[in-house]
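To start, the structure itself, in C-alpha coordinates.
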Amino acid sequence: MAYDVIVVGAGHNGLTAATLLQQAGLRTLVLEAKRYTGGMASTVELFDGYRFEIAGSVQLPTSAVVSKELGLDTLPQVDLEVMSVSLVDETTTPLVYYTDLVAAAVHMEQVHGLEVVLGMAELLGWSAAPTRALGRFEQGTRPKTLDEMYACATTDAERSSITEMLFGSCTDVLDRYLPDKEKHAALRGMLAFLAVNSTYRGPSSPGSAAGLAFGMAVPDENTVLTKKLKGGIGVLTQHLEEQLVAAGGEVRLDAAVGEIAVVDGRVTGVVLADGERIEASTVVSAVAPDLTLSSLVTAGSISPELSARLARIDHRGSYVQMHFALDGVPEFAAPYEFLNDPTMQSAIGFFQPPEVLQRQFEDSRRGIVPAEPAVAFQIPSAADPDLCPPGKAAASAFALWFPVEEDPGEYARLKAEMGQRVIDRISRFAPGFESLILKHTTFTPKHMGTMFGAPGGDYCHGLIHPDLLGQYRPGPDGYLDQPHGIAGLHLGSAGCYGGPGITFIPGYNAAQAVLAER
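Going by the working numbering, the sequence shown runs without a break in its numbering and finishes at 666.
In C-alpha coordinates form, the structure reads like this:
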(Lines of atoms letter the chains of each structure in order from A and count residues from 1; the text may use other names and numbers.)
(Lines give C-alpha, C1' and ligand atoms only; values in the text may rest on other atoms or scores of the structure.)
Protein backbone atom coordinates (compact mmCIF):
# COMPACT_ATOMS: atom_id res chain seq x y z
CA MET A 1 0.00 0.00 0.00
CA ALA A 2 1.25 3.46 -0.86
CA TYR A 3 1.57 6.08 1.87
CA ASP A 4 2.00 9.82 1.67
CA VAL A 5 3.73 10.06 5.04
CA ILE A 6 5.52 7.65 7.35
CA VAL A 7 5.96 8.73 10.98
CA VAL A 8 8.75 7.00 12.89
CA GLY A 9 7.87 6.66 16.58
CA ALA A 10 4.47 6.57 18.29
CA GLY A 11 5.17 8.81 21.26
CA HIS A 12 2.98 11.84 21.85
CA ASN A 13 4.87 13.95 19.31
CA GLY A 14 4.79 11.28 16.62
CA LEU A 15 1.09 10.65 17.16
CA THR A 16 0.41 14.40 17.14
CA ALA A 17 2.09 14.80 13.75
CA ALA A 18 0.42 11.69 12.33
CA THR A 19 -3.05 12.66 13.53
CA LEU A 20 -2.86 16.15 12.04
CA LEU A 21 -1.49 14.88 8.73
CA GLN A 22 -4.07 12.12 8.39
CA GLN A 23 -6.86 14.56 9.22
CA ALA A 24 -5.46 16.83 6.49
CA GLY A 25 -6.00 14.02 3.98
CA LEU A 26 -2.51 12.52 3.76
CA ARG A 27 -2.33 8.73 3.95
CA THR A 28 -0.23 8.29 7.09
CA LEU A 29 1.48 5.26 8.64
CA VAL A 30 3.05 5.28 12.10
CA LEU A 31 5.80 2.77 12.81
CA GLU A 32 6.61 1.91 16.43
CA ALA A 33 9.37 -0.43 17.55
CA LYS A 34 7.65 -1.37 20.82
CA ARG A 35 4.48 -3.34 21.46
CA TYR A 36 2.51 -0.32 22.62
CA THR A 37 2.09 3.30 21.61
CA GLY A 38 2.78 6.33 23.76
CA GLY A 39 6.55 6.15 24.17
CA MET A 40 7.52 8.06 27.29
CA ALA A 41 3.93 9.24 27.74
CA SER A 42 2.45 5.80 28.50
CA THR A 43 0.50 4.20 31.31
CA VAL A 44 1.81 0.64 31.64
CA GLU A 45 0.83 -2.29 33.87
CA LEU A 46 4.24 -3.17 35.28
CA PHE A 47 2.84 -5.52 37.94
CA ASP A 48 -0.48 -7.38 38.04
CA GLY A 49 -3.20 -4.81 38.62
CA TYR A 50 -0.75 -1.91 39.11
CA ARG A 51 -0.44 0.68 36.35
CA PHE A 52 2.17 3.41 36.21
CA GLU A 53 3.07 6.42 34.11
CA ILE A 54 6.18 4.84 32.76
CA ALA A 55 8.25 7.99 32.20
CA GLY A 56 6.40 11.26 31.65
CA SER A 57 3.65 12.18 34.09
CA VAL A 58 3.39 15.94 34.38
CA GLN A 59 1.02 17.70 32.00
CA LEU A 60 2.15 21.15 30.99
CA PRO A 61 0.43 24.17 29.53
CA THR A 62 0.15 23.92 25.78
CA SER A 63 -1.00 26.09 22.93
CA ALA A 64 -4.76 26.68 22.92
CA VAL A 65 -4.68 26.13 19.15
CA VAL A 66 -2.94 22.76 19.50
CA SER A 67 -5.21 21.69 22.35
CA LYS A 68 -8.32 22.45 20.32
CA GLU A 69 -7.06 20.77 17.15
CA LEU A 70 -6.18 17.60 19.08
CA GLY A 71 -9.37 17.58 21.17
CA LEU A 72 -7.46 17.49 24.46
CA ASP A 73 -10.25 19.28 26.30
CA THR A 74 -12.44 16.20 25.92
CA LEU A 75 -10.22 13.94 28.05
CA PRO A 76 -11.28 12.85 31.58
CA GLN A 77 -9.34 14.77 34.17
CA VAL A 78 -8.61 14.43 37.85
CA ASP A 79 -9.37 17.62 39.72
CA LEU A 80 -6.53 18.22 42.17
CA GLU A 81 -6.93 20.63 45.05
CA VAL A 82 -3.21 20.46 45.75
CA MET A 83 -0.73 20.37 42.88
CA SER A 84 2.30 19.55 45.02
CA VAL A 85 3.87 19.62 48.48
CA SER A 86 7.55 20.48 48.94
CA LEU A 87 9.61 19.38 51.95
CA VAL A 88 13.27 19.39 52.94
CA ASP A 89 13.54 18.17 56.53
CA GLU A 90 11.89 18.41 59.94
CA THR A 91 13.19 21.92 60.54
CA THR A 92 11.70 23.32 57.32
CA THR A 93 8.14 24.56 56.91
CA PRO A 94 6.50 22.56 54.07
CA LEU A 95 5.24 24.43 51.04
CA VAL A 96 1.76 23.40 49.87
CA TYR A 97 1.16 24.50 46.30
CA TYR A 98 -2.58 24.70 45.69
CA THR A 99 -3.94 24.34 42.17
CA ASP A 100 -5.98 27.51 42.59
CA LEU A 101 -3.52 30.38 42.26
CA VAL A 102 -5.33 32.57 44.77
CA ALA A 103 -5.33 29.77 47.35
CA ALA A 104 -1.64 29.18 46.64
CA ALA A 105 -0.82 32.84 47.22
CA VAL A 106 -2.89 32.98 50.42
CA HIS A 107 -1.14 29.89 51.78
CA MET A 108 2.29 31.28 50.95
CA GLU A 109 1.55 34.58 52.68
CA GLN A 110 -0.04 33.03 55.79
CA VAL A 111 2.53 30.28 56.28
CA HIS A 112 5.71 31.63 54.69
CA GLY A 113 5.26 35.38 54.74
CA LEU A 114 4.51 38.14 52.28
CA GLU A 115 8.14 38.28 51.17
CA VAL A 116 7.76 34.78 49.65
CA VAL A 117 4.69 35.85 47.67
CA LEU A 118 6.51 38.93 46.43
CA GLY A 119 9.65 36.92 45.67
CA MET A 120 7.69 34.40 43.63
CA ALA A 121 5.91 37.20 41.77
CA GLU A 122 9.26 38.78 40.92
CA LEU A 123 10.66 35.41 39.88
CA LEU A 124 7.70 34.82 37.57
CA GLY A 125 8.31 38.29 36.16
CA TRP A 126 11.95 37.37 35.60
CA SER A 127 10.88 34.29 33.61
CA ALA A 128 8.43 36.15 31.32
CA ALA A 129 10.93 37.36 28.71
CA PRO A 130 12.87 34.04 28.62
CA THR A 131 9.53 32.27 28.07
CA ARG A 132 8.89 34.38 24.99
CA ALA A 133 12.49 33.95 23.86
CA LEU A 134 12.35 30.16 24.19
CA GLY A 135 8.96 29.93 22.43
CA ARG A 136 8.10 26.86 24.44
CA PHE A 137 4.34 27.11 23.86
CA GLU A 138 4.37 28.67 20.39
CA GLN A 139 2.93 26.50 17.64
CA GLY A 140 3.96 26.90 14.02
CA THR A 141 7.03 29.06 14.67
CA ARG A 142 10.69 28.38 13.97
CA PRO A 143 13.59 28.50 16.46
CA LYS A 144 14.63 32.03 17.34
CA THR A 145 18.11 33.36 16.69
CA LEU A 146 19.87 35.09 19.57
CA ASP A 147 18.93 38.47 18.09
CA GLU A 148 15.29 37.37 17.86
CA MET A 149 15.41 36.11 21.43
CA TYR A 150 16.63 39.48 22.68
CA ALA A 151 13.98 41.20 20.56
CA CYS A 152 11.39 39.49 22.80
CA ALA A 153 12.49 41.83 25.61
CA THR A 154 10.63 45.11 26.05
CA THR A 155 12.79 46.60 28.83
CA ASP A 156 16.40 46.58 29.96
CA ALA A 157 15.38 44.34 32.87
CA GLU A 158 13.90 41.80 30.45
CA ARG A 159 17.08 41.88 28.35
CA SER A 160 19.03 41.19 31.52
CA SER A 161 16.80 38.22 32.35
CA ILE A 162 17.45 36.72 28.90
CA THR A 163 21.19 37.19 29.39
CA GLU A 164 21.00 35.57 32.81
CA MET A 165 18.93 32.72 31.38
CA LEU A 166 21.69 32.04 28.86
CA PHE A 167 24.75 32.50 31.07
CA GLY A 168 23.74 32.58 34.74
CA SER A 169 23.01 29.92 37.34
CA CYS A 170 19.80 28.91 39.04
CA THR A 171 21.30 29.76 42.43
CA ASP A 172 22.13 33.29 41.24
CA VAL A 173 18.45 33.87 40.47
CA LEU A 174 17.13 32.24 43.64
CA ASP A 175 19.53 34.21 45.82
CA ARG A 176 18.13 37.42 44.40
CA TYR A 177 14.41 36.73 44.74
CA LEU A 178 14.27 34.15 47.57
CA PRO A 179 17.43 34.87 49.57
CA ASP A 180 16.51 33.47 53.01
CA LYS A 181 18.04 29.99 52.97
CA GLU A 182 16.03 28.88 56.01
CA LYS A 183 12.60 30.47 55.54
CA HIS A 184 12.65 29.85 51.80
CA ALA A 185 14.25 26.39 51.98
CA ALA A 186 11.31 24.33 50.68
CA LEU A 187 10.65 26.67 47.78
CA ARG A 188 14.34 27.03 46.92
CA GLY A 189 14.71 23.24 46.98
CA MET A 190 11.70 22.75 44.71
CA LEU A 191 12.83 25.36 42.19
CA ALA A 192 16.41 24.07 42.16
CA PHE A 193 15.13 20.55 41.44
CA LEU A 194 12.90 21.94 38.69
CA ALA A 195 15.86 23.74 37.16
CA VAL A 196 18.29 20.83 36.97
CA ASN A 197 16.24 17.65 36.54
CA SER A 198 16.50 17.95 32.75
CA THR A 199 20.17 18.96 32.74
CA TYR A 200 23.58 17.62 33.60
CA ARG A 201 24.44 20.61 35.75
CA GLY A 202 24.06 21.54 39.38
CA PRO A 203 22.00 24.58 40.38
CA SER A 204 25.19 26.65 40.87
CA SER A 205 26.61 25.66 37.48
CA PRO A 206 26.70 28.39 34.82
CA GLY A 207 23.83 27.89 32.40
CA SER A 208 21.53 26.20 34.90
CA ALA A 209 19.33 29.32 34.89
CA ALA A 210 18.17 28.13 31.46
CA GLY A 211 16.61 25.08 33.10
CA LEU A 212 14.90 27.31 35.65
CA ALA A 213 13.48 29.57 32.94
CA PHE A 214 12.36 26.58 30.87
CA GLY A 215 10.68 24.93 33.85
CA MET A 216 9.00 28.13 35.01
CA ALA A 217 7.83 29.14 31.53
CA VAL A 218 4.73 31.21 32.17
CA PRO A 219 1.69 30.48 30.00
CA ASP A 220 -0.28 33.40 28.61
CA GLU A 221 -3.76 33.88 27.19
CA ASN A 222 -2.83 31.70 24.21
CA THR A 223 -2.15 28.62 26.32
CA VAL A 224 -4.31 26.23 28.29
CA LEU A 225 -3.44 24.00 31.23
CA THR A 226 -4.34 20.36 30.87
CA LYS A 227 -4.77 18.83 34.32
CA LYS A 228 -3.83 15.38 35.53
CA LEU A 229 -5.55 12.78 33.36
CA LYS A 230 -7.73 10.06 34.85
CA GLY A 231 -6.06 6.78 33.93
CA GLY A 232 -2.61 8.34 33.69
CA ILE A 233 -0.69 10.03 30.91
CA GLY A 234 -1.27 7.06 28.60
CA VAL A 235 -4.89 8.18 28.14
CA LEU A 236 -3.49 11.11 26.21
CA THR A 237 -1.65 9.03 23.64
CA GLN A 238 -4.52 6.55 23.40
CA HIS A 239 -6.73 9.50 22.51
CA LEU A 240 -4.34 10.60 19.77
CA GLU A 241 -4.09 7.06 18.39
CA GLU A 242 -7.89 6.74 18.32
CA GLN A 243 -8.17 10.03 16.44
CA LEU A 244 -5.55 8.89 13.95
CA VAL A 245 -7.22 5.56 13.28
CA ALA A 246 -10.68 7.12 13.10
CA ALA A 247 -9.40 9.41 10.35
CA GLY A 248 -8.06 6.42 8.41
CA GLY A 249 -4.45 6.35 9.57
CA GLU A 250 -2.50 3.23 10.52
CA VAL A 251 -0.24 2.24 13.39
CA ARG A 252 2.10 -0.73 13.18
CA LEU A 253 3.69 -2.03 16.37
CA ASP A 254 6.79 -4.22 16.62
CA ALA A 255 7.95 -2.39 13.52
CA ALA A 256 11.45 -1.12 14.20
CA VAL A 257 12.86 1.12 11.48
CA GLY A 258 16.38 0.17 10.46
CA GLU A 259 16.87 2.85 7.83
CA ILE A 260 15.20 6.00 6.53
CA ALA A 261 15.99 5.56 2.85
CA VAL A 262 17.47 8.57 1.07
CA VAL A 263 18.28 8.60 -2.64
CA ASP A 264 19.84 11.64 -4.31
CA GLY A 265 19.07 13.84 -1.31
CA ARG A 266 15.39 12.87 -1.08
CA VAL A 267 13.49 10.50 1.20
CA THR A 268 12.02 7.47 -0.56
CA GLY A 269 10.61 5.62 2.44
CA VAL A 270 11.94 3.35 5.16
CA VAL A 271 13.47 -0.08 5.56
CA LEU A 272 12.34 -2.02 8.62
CA ALA A 273 14.75 -4.00 10.74
CA ASP A 274 13.39 -7.21 9.19
CA GLY A 275 14.20 -5.93 5.69
CA GLU A 276 10.71 -4.86 4.58
CA ARG A 277 10.67 -1.70 2.47
CA ILE A 278 7.81 0.79 2.70
CA GLU A 279 7.69 3.67 0.26
CA ALA A 280 6.67 7.25 1.02
CA SER A 281 7.81 10.63 -0.24
CA THR A 282 7.69 12.15 3.27
CA VAL A 283 9.01 10.87 6.61
CA VAL A 284 8.53 12.51 10.00
CA SER A 285 10.94 11.27 12.64
CA ALA A 286 9.86 11.51 16.27
CA VAL A 287 13.18 9.91 17.21
CA ALA A 288 15.97 12.10 18.61
CA PRO A 289 17.45 14.35 15.88
CA ASP A 290 21.01 13.04 16.24
CA LEU A 291 19.86 9.41 16.22
CA THR A 292 17.69 10.12 13.18
CA LEU A 293 20.37 11.88 11.15
CA SER A 294 23.45 9.96 12.27
CA SER A 295 22.06 6.42 12.51
CA LEU A 296 18.76 6.06 10.67
CA VAL A 297 19.12 7.99 7.42
CA THR A 298 21.09 6.32 4.64
CA ALA A 299 24.80 6.65 5.31
CA GLY A 300 26.39 9.68 3.68
CA SER A 301 23.13 11.66 3.51
CA ILE A 302 24.33 14.49 5.76
CA SER A 303 27.53 16.48 5.75
CA PRO A 304 30.48 15.58 7.98
CA GLU A 305 30.15 19.01 9.60
CA LEU A 306 26.55 18.36 10.62
CA SER A 307 27.45 14.87 11.81
CA ALA A 308 30.17 16.33 14.05
CA ARG A 309 27.75 18.92 15.44
CA LEU A 310 25.17 16.26 16.27
CA ALA A 311 27.83 14.19 18.03
CA ARG A 312 28.33 17.03 20.52
CA ILE A 313 24.74 16.97 21.85
CA ASP A 314 24.79 16.29 25.59
CA HIS A 315 22.62 13.34 26.61
CA ARG A 316 23.93 12.60 30.09
CA GLY A 317 20.79 11.82 32.05
CA SER A 318 21.60 11.38 35.74
CA TYR A 319 18.53 10.05 37.53
CA VAL A 320 16.54 7.02 38.56
CA GLN A 321 12.83 6.47 38.21
CA MET A 322 11.21 3.92 40.53
CA HIS A 323 7.75 2.37 40.58
CA PHE A 324 6.27 0.67 43.64
CA ALA A 325 3.39 -1.78 44.02
CA LEU A 326 2.37 -1.17 47.63
CA ASP A 327 0.30 -3.28 50.01
CA GLY A 328 -1.42 -0.13 51.22
CA VAL A 329 -1.09 3.62 51.46
CA PRO A 330 2.06 4.83 53.27
CA GLU A 331 1.46 6.52 56.61
CA PHE A 332 3.39 9.72 57.17
CA ALA A 333 4.70 10.38 60.67
CA ALA A 334 4.84 13.58 62.72
CA PRO A 335 5.29 16.35 61.82
CA TYR A 336 3.98 15.28 58.41
CA GLU A 337 0.60 13.80 59.38
CA PHE A 338 -1.11 16.23 57.01
CA LEU A 339 0.31 14.19 54.12
CA ASN A 340 -2.02 11.34 55.09
CA ASP A 341 -4.79 13.36 53.44
CA PRO A 342 -5.12 11.87 49.90
CA THR A 343 -5.48 15.37 48.44
CA MET A 344 -1.86 16.02 49.46
CA GLN A 345 -0.40 12.94 47.73
CA SER A 346 -0.46 13.85 44.04
CA ALA A 347 3.15 15.09 44.12
CA ILE A 348 5.36 15.23 47.20
CA GLY A 349 8.86 16.60 46.86
CA PHE A 350 11.52 15.47 49.31
CA PHE A 351 13.99 18.06 48.12
CA GLN A 352 17.39 19.40 49.10
CA PRO A 353 18.61 23.02 49.30
CA PRO A 354 20.37 24.19 46.11
CA GLU A 355 23.74 24.13 47.87
CA VAL A 356 23.31 20.46 48.84
CA LEU A 357 22.00 19.57 45.39
CA GLN A 358 25.12 21.13 43.86
CA ARG A 359 27.44 19.11 46.11
CA GLN A 360 25.53 15.94 45.30
CA PHE A 361 25.87 16.62 41.58
CA GLU A 362 29.62 17.11 41.92
CA ASP A 363 29.89 13.92 44.01
CA SER A 364 27.91 11.92 41.45
CA ARG A 365 30.50 12.78 38.81
CA ARG A 366 33.01 10.95 41.02
CA GLY A 367 30.77 7.90 41.33
CA ILE A 368 29.24 8.79 44.71
CA VAL A 369 25.53 8.08 45.21
CA PRO A 370 23.76 10.82 47.23
CA ALA A 371 23.22 9.79 50.84
CA GLU A 372 19.86 11.59 50.87
CA PRO A 373 18.84 12.14 47.26
CA ALA A 374 16.30 14.74 46.19
CA VAL A 375 13.14 12.81 45.33
CA ALA A 376 9.94 13.74 43.52
CA PHE A 377 7.44 11.23 44.94
CA GLN A 378 3.82 10.66 44.00
CA ILE A 379 0.96 8.33 44.86
CA PRO A 380 -1.28 8.71 41.79
CA SER A 381 -3.69 6.03 42.99
CA ALA A 382 -4.73 8.38 45.84
CA ALA A 383 -6.72 10.47 43.36
CA ASP A 384 -7.16 7.76 40.71
CA PRO A 385 -7.81 4.45 42.54
CA ASP A 386 -8.31 2.44 39.34
CA LEU A 387 -4.52 2.46 38.90
CA CYS A 388 -4.15 -0.32 41.47
CA PRO A 389 -6.13 -3.14 43.15
CA PRO A 390 -8.60 -2.18 45.92
CA GLY A 391 -6.91 -1.42 49.22
CA LYS A 392 -3.47 -1.13 47.62
CA ALA A 393 -1.46 1.81 46.32
CA ALA A 394 0.68 2.60 43.27
CA ALA A 395 3.56 5.00 43.84
CA SER A 396 6.43 6.39 41.78
CA ALA A 397 9.62 8.31 42.49
CA PHE A 398 12.09 10.29 40.39
CA ALA A 399 15.45 11.08 42.01
CA LEU A 400 18.77 12.84 41.31
CA TRP A 401 21.75 12.12 40.87
CA PHE A 402 22.66 8.67 39.54
CA PRO A 403 26.36 8.43 38.66
CA VAL A 404 26.65 7.91 34.90
CA GLU A 405 30.37 8.56 34.37
CA GLU A 406 31.50 5.71 36.59
CA ASP A 407 33.11 2.45 35.45
CA PRO A 408 30.36 0.33 33.79
CA GLY A 409 31.46 -2.54 36.01
CA GLU A 410 30.05 -0.56 38.95
CA TYR A 411 26.63 -0.11 37.35
CA ALA A 412 24.74 -2.90 39.16
CA ARG A 413 26.12 -1.85 42.56
CA LEU A 414 25.32 1.82 42.00
CA LYS A 415 21.81 1.04 40.79
CA ALA A 416 21.03 -1.05 43.87
CA GLU A 417 22.59 1.54 46.16
CA MET A 418 20.70 4.42 44.57
CA GLY A 419 17.40 2.53 44.72
CA GLN A 420 17.85 1.82 48.41
CA ARG A 421 18.77 5.43 49.13
CA VAL A 422 15.53 6.56 47.49
CA ILE A 423 13.54 4.10 49.61
CA ASP A 424 15.39 5.30 52.72
CA ARG A 425 14.66 8.93 51.86
CA ILE A 426 10.92 8.28 51.52
CA SER A 427 10.96 6.18 54.69
CA ARG A 428 12.36 9.13 56.64
CA PHE A 429 8.95 10.77 56.20
CA ALA A 430 6.82 7.60 56.02
CA PRO A 431 8.60 5.10 58.32
CA GLY A 432 6.60 2.04 57.23
CA PHE A 433 7.06 2.63 53.51
CA GLU A 434 9.61 -0.11 52.82
CA SER A 435 7.51 -2.75 54.60
CA LEU A 436 4.60 -2.00 52.22
CA ILE A 437 6.59 -2.71 49.06
CA LEU A 438 5.29 -5.84 47.34
CA LYS A 439 7.24 -5.29 44.13
CA HIS A 440 9.27 -2.46 42.71
CA THR A 441 11.48 -1.64 39.76
CA THR A 442 14.27 0.86 39.24
CA PHE A 443 14.82 2.47 35.86
CA THR A 444 18.13 4.21 35.19
CA PRO A 445 19.08 6.25 32.11
CA LYS A 446 20.40 3.00 30.66
CA HIS A 447 16.92 1.48 30.88
CA MET A 448 15.30 4.55 29.34
CA GLY A 449 17.75 4.41 26.46
CA THR A 450 16.99 0.75 25.82
CA MET A 451 13.21 1.02 26.23
CA PHE A 452 12.59 4.25 24.34
CA GLY A 453 15.59 4.79 22.10
CA ALA A 454 16.44 7.96 24.02
CA PRO A 455 20.21 8.50 23.62
CA GLY A 456 21.89 8.24 26.99
CA GLY A 457 18.47 7.86 28.59
CA ASP A 458 17.94 11.56 27.91
CA TYR A 459 14.17 12.01 27.79
CA CYS A 460 14.76 15.56 26.49
CA HIS A 461 16.58 14.23 23.38
CA GLY A 462 19.02 17.07 24.09
CA LEU A 463 19.34 18.46 27.61
CA ILE A 464 18.04 21.88 28.66
CA HIS A 465 21.38 23.63 28.35
CA PRO A 466 21.75 27.08 26.71
CA ASP A 467 23.81 25.60 23.89
CA LEU A 468 20.87 23.31 23.05
CA LEU A 469 18.11 25.92 23.05
CA GLY A 470 16.89 28.58 20.63
CA GLN A 471 18.80 28.50 17.36
CA TYR A 472 20.91 25.67 18.76
CA ARG A 473 17.95 23.29 18.85
CA PRO A 474 16.81 22.02 15.45
CA GLY A 475 13.45 22.72 13.90
CA PRO A 476 11.62 20.34 11.54
CA ASP A 477 14.25 20.80 8.82
CA GLY A 478 17.32 20.95 11.04
CA TYR A 479 19.27 23.84 12.48
CA LEU A 480 18.50 27.38 11.33
CA ASP A 481 22.10 27.84 10.19
CA GLN A 482 22.62 24.24 9.10
CA PRO A 483 19.56 22.46 7.64
CA HIS A 484 19.94 18.73 7.18
CA GLY A 485 19.25 19.12 3.45
CA ILE A 486 17.20 15.94 2.99
CA ALA A 487 14.04 16.67 1.02
CA GLY A 488 10.93 15.11 2.50
CA LEU A 489 12.43 14.49 5.97
CA HIS A 490 11.06 16.43 8.94
CA LEU A 491 12.09 16.19 12.59
CA GLY A 492 9.50 16.23 15.36
CA SER A 493 10.87 14.84 18.63
CA ALA A 494 11.46 16.40 22.04
CA GLY A 495 14.95 17.24 20.79
CA CYS A 496 13.46 19.82 18.44
CA TYR A 497 12.39 23.41 19.00
CA GLY A 498 9.66 23.58 21.62
CA GLY A 499 11.60 21.03 23.58
CA PRO A 500 10.59 18.29 26.00
CA GLY A 501 7.49 18.09 28.15
CA ILE A 502 3.99 17.14 27.09
CA THR A 503 3.32 20.23 24.97
CA PHE A 504 2.95 18.54 21.52
CA ILE A 505 4.75 21.49 19.93
CA PRO A 506 7.57 19.58 18.14
CA GLY A 507 5.10 17.12 16.61
CA TYR A 508 2.72 19.90 15.66
CA ASN A 509 5.52 21.90 14.04
CA ALA A 510 6.67 18.88 12.04
CA ALA A 511 3.14 18.38 10.71
CA GLN A 512 2.91 22.04 9.73
CA ALA A 513 6.23 21.77 7.89
CA VAL A 514 4.92 18.82 5.90
CA LEU A 515 1.71 20.63 5.00
CA ALA A 516 3.61 23.77 4.01
CA GLU A 517 5.82 21.68 1.75
CA ARG A 518 2.76 20.15 0.12
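We treat Cβ as the ideally placed atom computed from N, Cα and C, and that holds for glycine.
Using only CA atoms, which one of the options lies nearest to residue i?
i    : options                   : result
P518 : W549, Q506, S544 and A299 : W549
G382 : G186, E270 and L637       : G186
V410 : I634, V662 and E270       : I634
A473 : A395, H588 and T651       : H588
P551 : G539, E565 and A578       : E565
A459 : A404, L401, L179 and H609 : H609
A203 : G604, F591, A642 and V432 : F591
A428 : T598, L179 and E485       : L179
D555 : T241, G567, R514 and L401 : R514
I574 : T279, L235, E217 and G159 : L235
A495 : A447, Y656 and A542       : A542
G604 : L243, G417, K378 and Y348 : Y348
E286 : A664, G618 and H638       : G618
G643 : N161, V153, I154 and D237 : N161
E389 : S346, V155 and V504       : V155
Y151 : T416, H332 and T210       : T416
F577 : L228, P242 and D196       : P242
M268 : T293, R284 and R324       : R324
G316 : S356, Q526 and E306       : S356
T240 : A343, S442, D489 and L335 : L335
Q386 : V153, L218, P648 and L628 : L218
V477 : P538, K329, R457 and D462 : P538
S695 : A658, H632, Y627 and R290 : Beyond the ends of the chain as shown, which are 149 and 666, falls residue 695; an answer cannot be given.
M364 : L377, L174, G379 and F341 : F341
Buried or exposed for residue i, please, with buried defined as at least 16 other CB atoms from any protein chain shown within 10 angstroms of its CB.
i    : result
R425 : exposed
F122 : Residue 122 lies beyond the range of the chain shown here (149 to 666); nothing can be said about it.
P502 : buried
S215 : buried
M149 : exposed
K563 : buried
L262 : exposed
L360 : buried
Beta-carbon within less than 6 Å of residue i's beta-carbon, same chain only, minus the 5 sequence neighbours each way: which residues are those?
i    : result
G646 : I653 and P654
L314 : P614
R414 : A635 and G636
L454 : Q630
Y245 : M231, S232 and A252
I408 : V418, V431, L444 and V445
H595 : none
S529 : L535, C536, A541 and A542
Determine which residues share a DSSP beta bridge with residue i and list them.
i    : result
S433 : V156 and L639
A428 : For A428, which the question treats as bridged, DSSP gives no partner whatsoever.
E553 : Answer by DSSP bridge pairing: none, since E553 is not bridged.
Y467 : L548
R410 : According to the sequence provided, residue 410 is Val. The question's Arg does not apply to it. Per DSSP, V415.
L177 : I154 and E398
V445 : I408
A473 : A542 and K587
L314 : In the DSSP output, where bridge partners are listed per residue, L314 has none listed.
L420 : V405
Looking only at its own chain, which residues have a Cβ that is under 7 Å from the Cβ of residue i, when we skip the five neighbours before and after it?
i    : result
L194 : F200, H471 and T589
V570 : V468, M470, P521, V523, A545 and A547
G396 : Q170
L439 : G601 and P603
L663 : A172
D221 : S215
E229 : Y246, T247 and T491
Which parts of the segment 593 to 659 are runs of the alpha helix (DSSP H), unbroken and 4 residues or longer, counting only runs that do not cross its ends? If we require 4 residues or more, the alpha helix (DSSP H) runs fully inside the segment 593 to 659 come out as 593 to 600.
Along the chain, which unbroken stretches of the beta strand (DSSP E) at least 3 residues long are found entirely within the segment 181 to 262? Every unbroken stretch of the beta strand (DSSP E) spanning 3 or more residues and falling wholly within the segment 181 to 262 is given here in chain order: 191 to 195, 198 to 201, 209 to 211, 230 to 235 and 243 to 246.
Taking the runs of the beta strand (DSSP E) that are 3 residues or longer, which of them lie wholly in the segment 480 to 546? Runs of the beta strand (DSSP E) spanning 3 or more residues and lying entirely within the segment 480 to 546 occur at 496 to 498 and 522 to 526, in chain order.
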